[in-house]
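4 protein chains.
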Amino acid sequence: MATAPTVRKIINDPVYGFITIDHPLVLELISHPYYQRLRNIHQMAFAHLVYPGAMHSRLHHSLGAYHLMGIALSELKSKGVSITAEEELGAKLAILLHDAGHGPFSHALEKVLIPGLHHETLSLLIMEHLNEHFKGQLSTAIAIFKGQYPKPFLHQLISGQLDVDRMDYLNRDSFFTGVAEGVIGYDRILKMLAVKEGQLMVEEKAIFSIEKFLISRRLMYWQVYLHKTVVSAEMSVVLIFKRVLQLLQQGTVLSAASSDLDFFLQDREAGATIKQHLDRFCRLDDHDVMTSIKNWCYHPDKVLSTLCRLVTERKLLKIRFLKEPVDPDRLAIWRKEVAHRLNISEEEASFFVFTGKASNTTYNPKDERIHILFKDGSVKDISEVDNALIHYGSSLAFGEISKEYICYPEESKI
Amino acid sequence: MATAPTVRKIINDPVYGFITIDHPLVLELISHPYYQRLRNIHQMAFAHLVYPGAMHSRLHHSLGAYHLMGIALSELKSKGVSITAEEELGAKLAILLHDAGHGPFSHALEKVLIPGLHHETLSLLIMEHLNEHFKGQLSTAIAIFKGQYPKPFLHQLISGQLDVDRMDYLNRDSFFTGVAEGVIGYDRILKMLAVKEGQLMVEEKAIFSIEKFLISRRLMYWQVYLHKTVVSAEMSVVLIFKRVLQLLQQGTVLSAASSDLDFFLQDREAGATIKQHLDRFCRLDDHDVMTSIKNWCYHPDKVLSTLCRLVTERKLLKIRFLKEPVDPDRLAIWRKEVAHRLNISEEEASFFVFTGKASNTTYNPKDERIHILFKDGSVKDISEVDNALIHYGSSLAFGEISKEYICYPEESKI
Amino acid sequence: MATAPTVRKIINDPVYGFITIDHPLVLELISHPYYQRLRNIHQMAFAHLVYPGAMHSRLHHSLGAYHLMGIALSELKSKGVSITAEEELGAKLAILLHDAGHGPFSHALEKVLIPGLHHETLSLLIMEHLNEHFKGQLSTAIAIFKGQYPKPFLHQLISGQLDVDRMDYLNRDSFFTGVAEGVIGYDRILKMLAVKEGQLMVEEKAIFSIEKFLISRRLMYWQVYLHKTVVSAEMSVVLIFKRVLQLLQQGTVLSAASSDLDFFLQDREAGATIKQHLDRFCRLDDHDVMTSIKNWCYHPDKVLSTLCRLVTERKLLKIRFLKEPVDPDRLAIWRKEVAHRLNISEEEASFFVFTGKASNTTYNPKDERIHILFKDGSVKDISEVDNALIHYGSSLAFGEISKEYICYPEESKI
Amino acid sequence: MATAPTVRKIINDPVYGFITIDHPLVLELISHPYYQRLRNIHQMAFAHLVYPGAMHSRLHHSLGAYHLMGIALSELKSKGVSITAEEELGAKLAILLHDAGHGPFSHALEKVLIPGLHHETLSLLIMEHLNEHFKGQLSTAIAIFKGQYPKPFLHQLISGQLDVDRMDYLNRDSFFTGVAEGVIGYDRILKMLAVKEGQLMVEEKAIFSIEKFLISRRLMYWQVYLHKTVVSAEMSVVLIFKRVLQLLQQGTVLSAASSDLDFFLQDREAGATIKQHLDRFCRLDDHDVMTSIKNWCYHPDKVLSTLCRLVTERKLLKIRFLKEPVDPDRLAIWRKEVAHRLNISEEEASFFVFTGKASNTTYNPKDERIHILFKDGSVKDISEVDNALIHYGSSLAFGEISKEYICYPEESKI
């Protein structure tokens, strides 16, 4: 008689029904404070300002990606692809922890809080730290995560055009925002995955699903991720922290709501010695940032308090996409007007009137490839497949599209 | 030609698809900071510790209830029930604001933060304050909310056995937790609503839907709202704040992460003069509480820091439902053991070993009634309807069921 | 490297997403004409007259039950229950074919078309026939189906209080009728299945899901399966065939639209030699019946043609549930009136005015049992579990409830 | 007090929840035998051979389109577009009856059963017939249907690039096939509809939803409507009827299972006098065709009986899409082989080996247009909108794509 597994935990997930945890190490990692922290970091930062349902956490996303990884590996095994138990666990752990290095409002604050440290680097540092703690049990996971494991498809499932990370976040973000049109046919794509010569590919009959997947992504970018209100809110948070750092440099008395966030604001060299501060970093979450912003609404610095109120009261800067770059002279005039109205310097007015760029690439065949496996065993990139929508106009419609925008206070006549 | 409405805003909602805002006053109220605050208060407090999807906010719930109110009123009007535009707006505003008085972790902290002030009282104060600001435009809403409006069914839609508040939260909480079995057939019930002599009732053929609704509620209570982990987490937060207040009373130096929360911790009489502090109250949200708890993990008081770590690291006290009350002598022994192990006093140990009671009433015919309207015009309470499940055993199965529990540290042998 | 399976077919199912066929014998059986026939038999007979979506076929239901069986067995295996590949295939084949013996409009016509032959008997005959054809490969399936296999839980999964047959049809029928409230949490129940001493049971924490399941079933019975229009349509078809048999006995010239249906109408002893006519039986489907009814709309016999038009034009007999039995004298008067109006004999009028009984048992602990397995290893019937709704009033609310009804033409004043 | 409507019927629909009928004329039309007939015509003909859930009827589709029309008109009215009660009813009736002229397996048999009569012509004849019966109450509906009503947008909602017919069938077909990826965001598109100068258009922010809609359509065509098995089954039915007509012309004794179908097979000029035979036509449904095919399995003509068995036993001809046209010489050789193997003439073999063409146009700007209405009041065709995917490569990817195919018996080596 088979031995019952020692661990079997079922987690309800509105997106997939149930997520099953059936390995003790997975359960231990999920219970670790480094992982639990992700509970308090919104997956979609400020998207909930526009889509009130979008409150889901990075923890929930990474559990979802873990679930999809399990399905993907089962499907591949049922098609005869050789995957050992060790590799399966490795790939699952790697996807579970792939976002562990995200700080609060990461997309916005990554470059501000700890300059020079990309979240993937931090995820890797965290995995290595946990690998020590768990006595080498994460070694395979780390090799897969770094792309150094002999079976490339395992890494491609974590990071590639058709990885389970992307599948989960598109699906989950569509689900929680209520943008039903963004939902992707992840189950069909997973059933069509194949491996040839170690590379991840999809069967020919998945072509239309892949098209739909790329179009969904396009829709989610323009309708959700780059929604004007969301971009404006994120820019406000970036500027709040830029102002805070400026003020600190000038010696202004200013503290964050938590000592952990304070530490990273004071010690601008923390990135260089991050390994010593990993514990501290792994205590930061959205609460530290949001409570600080709430407190700073009453700070004597007018620029800072005004920016903070924009966010807490959701009276954000207006934003408009531009057909052509703004004339620097007009920008100067607008800033002058704001400076005058708010009684601040013109330089300070650039916190309220500024331009930026939002961009998105649906499918760039130069970077990465979606390989289509035909019944006769031949392989083509999807952009070369006859009849595929992407075949036509890939260089145009699916390449990077970027839009410049300008932000300004509602009261300004811009 | 009809005049186009001046306001028309569509909000994506994964539960209902779209929520339409088509009155300028509704839009203004939603944009008010008092309402926006609800964005940062979880509808289900700590339920996300068990159901990671349950991150939705009180703002989202009240928008949903507002949406259902619109449907309910349309249905009733299409059946010939007279409802004026003024009354329709009033009922919608009342449900929109019915939860505005909730503080952070309200269920747990209501009696601790501002003793003696129920959240409904605060909702009413907030409505009255806004009514001044909006020059009396909320007067009908307030009369309906207080149950003083001549058409009782309007109040019953806000607060009664079949109110849209309950319909939305059961539905929304089921949706976001992923406990699909809790989903209720709100659309069918709404289509079956009727009014007779000013009282809200449902048509006969809704009986099976109502049964299902009551059973769903029962399931949600036992499986979700009173889930052991959720109860344990909420009790921890209650005890954290009890300890904080104790320490403050003893003169210990201790501050919350935000000055707003600090104010209410320091001024224990704030409830009596709450009208003067409404602005302050309406800035409190989950961030203040959570950041404070994170900070207090490092407070020198062992009881406080230990309790705070239980919550932040999700290493909660164990909890067990009891078949019979705990023998006080055994409780004393257990507390002694904990006191010894943690090197604290026995009195302090009662923060870690304690008993409590979780309870739920599915349908108590004594309190409120679900009226069934028959085709022949007669009316019966559902508990008197032949063939209705609830008819049998209502006194037992649907009455209040309560369970005692005991909490204790994982290390204790209890 | 593992060998790829020789068969792997994926079938889209709106209820479960995808159904995977991964064994060549399953594929061969599905492709067999005996099985393909089920495509043309509505699972819910005339329910589509009320619920237009309810057009799904018996083939679709049995594929769905097959899918659930696969999940149930996987779950049990993952919990350490020993199930061999042979047994797994056997249980899957048994459920796939469990309804193969259904004729067209089986619920209504079973006793009329081939008297004395229950559909389960026919399913077994068909399995035995196929077993010969497939050289004994169905022997385990047959043993399981008959309840003669040593591991009782395998049979209980096919036929019992919590079998996958019931789970699929409740779920599928809810889905296609659009009676969303009937949807059951099949996935949660499947995850909670357990086996102890060979018996199928569910874990303690499934109690609320089971309650919901029983209530859903109750709702589906009263709202859908025993819907008045559906009952009236089914009774009409029964009476059409009774009249046809009467006319044939009287020597009237009358033929069905197909020679296969004709055969069974002419040869009233076919049941006794059914093994010889299995091929013929396995060509009958809804088309034979419906085309015959359409043709008979023009038959000279007034009773027959009138009944047939009731069905084809969906102008069905009225039906009313009765609080007490109808007085035979009044019945006679009503029949007289109809006889007079339609210019038929009083005996013939009994085809248009008649009484009958609709009934349903939600959970009858005398018949079968739902065993609850507690954490401490003890087992109780759900009706004995403390706190279970069913505990109270099981004898009343969950026992058989039956309602008498009367059918009559719309024009009659009854 | 408002008067209660005299009619209020709610129909469960798994796709939209509930469909409300609130006008007595709509209810009368739905109850008419001409409409009820649609209950027995599959919306998707043989698609259920591949997608077992696709059993829904034309009646269900037209109810769904009727429901969407109601939503579309409400939305437009709420935006200030003037629509009278008369027009609203007219548009709803027109869409309700737009498919009334479909015969069984219409897509396949339209040109065979009654040559020269398009189903739209028949729908119009039926509406005119009903208009007489209902004393002119359908006059507005007919004017709208014919595109002769002064407000063009009403006709465009029935037949145009964004009509509710298409929205419902894409949505409903996706739903019932379980091809979830085909589901379109109909609710968002409906909310974005607008009217300018009498023309139907969509607001700018609907662009991504429209793109998704076009891509879904593309996917449904290639994956479902033009699925090889479906095309093969439809071709078989076409050839069955071609053979039947050939045999009848040769004087062979042959009859259909119903006298109604027989009539149209015998009287090849019925199309010219169809007004006299409308009752007969409106009794034809899938049952007549399918029972006939079942009976013909035993007809002495080998070509006919073989073709019929292909369909009833679902052992269809193989089908392969071709990269280039088949060489006529090879076709002749293959036919010779089949003729020899089946012992039929070479001419008769062309019923088993033949070529054909499947085609689809996603969006052909030459034919019809999707107008985008910008905030500044300007209007552009979607193919001219900057940034729209369709902008690039519209001439290629979205134009007509057609594929030639060849059909042949499985045994042939082709």
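Protein chains in written order, with my numbering: chain A, 14 to 427; chain B, 14 to 427; chain C, 14 to 427; chain D, 14 to 427.
Glycine included, every Cβ here is placed at the ideal spot set by N, Cα and C.
Runs of the alpha helix (DSSP H) lying entirely within the region 150-207 of chain D, each at least 4 residues long, are 152-158, 165-171, 177-190, 199-205 in chain order. Contact between the region 336-343 of chain B and the region 301-315 of chain B is absent, with fewer than three C-beta pairs closer than 8 Å. Nearest to Leu-86 of chain D by C-alpha distance, out of D:Ile-171, D:Glu-360, D:Leu-320, is D:Ile-171.
In this structure, the straight-line span from the alpha carbon of Ala-246 of chain B to that of His-61 of chain B is close to 11 Å. Neighbours of Asp-200 of chain B across chain D, judged by C-beta separation under 9 Å: Gly-30, Phe-31. With its beta carbon at least 8 Å from every one in chain A, Asp-186 of chain B lies outside the interface. Nearest Cα to Val-125 of chain A within the set A:Glu-282, A:Asp-35, A:Ser-425: A:Glu-282. The three-state reading of DSSP puts Gly-116 of chain A in coil, since its state is none of H, G, I, E or B. A Cβ-Cβ distance of about 7 Å is found for the pair Thr-134 of chain D and Gly-114 of chain D, placing them in contact under the 8 Å criterion. In the DSSP assignment, Thr-304 of chain C falls within the alpha helix (DSSP H) that extends over 299-309.
In terms of beta-carbon proximity, Tyr-182 of chain D stays away from the interface with chain C, with every pair separated by 8 Å or more.
According to the DSSP secondary-structure assignment, Val-392 of chain A is paired through a beta bridge with A:Leu-386.
Identification of chain D residues near Gly-191 of chain C by a Cβ-Cβ cut-off of 9 Å yields Ile-24, Asn-25, Asp-26, Pro-27, Val-28, Tyr-29, Gly-30, Phe-31, ordered along the chain. Interface flag for Asp-178 of chain D against chain C is unset, since no Cβ pair is found closer than 8 Å. Met-248 of chain A and Leu-122 of chain A have their C-alpha atoms roughly 9 Å apart. In the structure shown, the three-state DSSP call for Met-214 of chain D is strand. Between the region 43-51 of chain D and the region 289-299 of chain D, the count of Cβ pairs shorter than 8 Å is three or higher; the stretches touch. Going by C-alpha positions, Ile-427 of chain C is about 19 Å away from Ile-357 of chain C. Within a 10 Å sphere around the beta-carbon of Lys-315 of chain C sit fewer than 16 other beta-carbons, which makes this residue exposed. At a cut-off of 8 Å between beta-carbon atoms, Ala-219 of chain C makes no contact with chain D. With a threshold of 16 other beta carbon atoms within 10 Å, His-353 of chain D falls short and is exposed. Residues of the region 325-351 of chain C whose Cβ lies closer than 7 Å to any Cβ of chain D, in chain order: Glu-326, Arg-327.
Closer than 8 Å to the CB of Met-214 of chain A there is not a single CB belonging to chain B.
For the set C:Glu-224, C:Leu-335, C:Asp-181, the Cα lying nearest the Cα of Met-57 of chain C is the one of C:Asp-181. Judged by DSSP secondary structure, Phe-334 of chain A falls outside any alpha helix (DSSP H) and instead within the beta strand (DSSP E) spanning 331-335.
The C-beta distance from Lys-209 of chain D to Leu-42 of chain D rounds to 32 Å, too long to meet the 8 Å contact threshold. Pairwise C-beta distances place the region 313-329 of chain B out of contact with the region 214-233 of chain B, as fewer than three of them are shorter than 8 Å. Cβ-Cβ separation between Phe-158 of chain B and His-111 of chain B: approximately 7 Å, consistent with a contact (criterion under 8 Å).
Of all residues in the region 118-132 of chain C, none comes within less than 9 Å of chain B when Cβ atoms are compared. Between Leu-329 of chain A and Ile-253 of chain A, the C-beta gap is not smaller than 8 Å, which leaves the two residues out of contact. Separation of Pro-65 of chain C and Gln-212 of chain A (C-alpha to C-alpha, rounded to the nearest whole angstrom) is 47 Å. Here Met-140 of chain A is actually not in contact with Lys-105 of chain A; their C-beta atoms are around 13 Å apart, not less than 8 Å. According to DSSP, residue pairing for Thr-368 of chain A in a beta bridge involves A:Ile-419. Judged by DSSP in its simplified three-state form, Gly-30 of chain B adopts strand. Taking 8 Å as the CB threshold, Ile-228 of chain B lines the interface with chain C.
In the structure shown, Asn-25 of chain B adopts extended strand secondary structure according to DSSP, grouped into three states.
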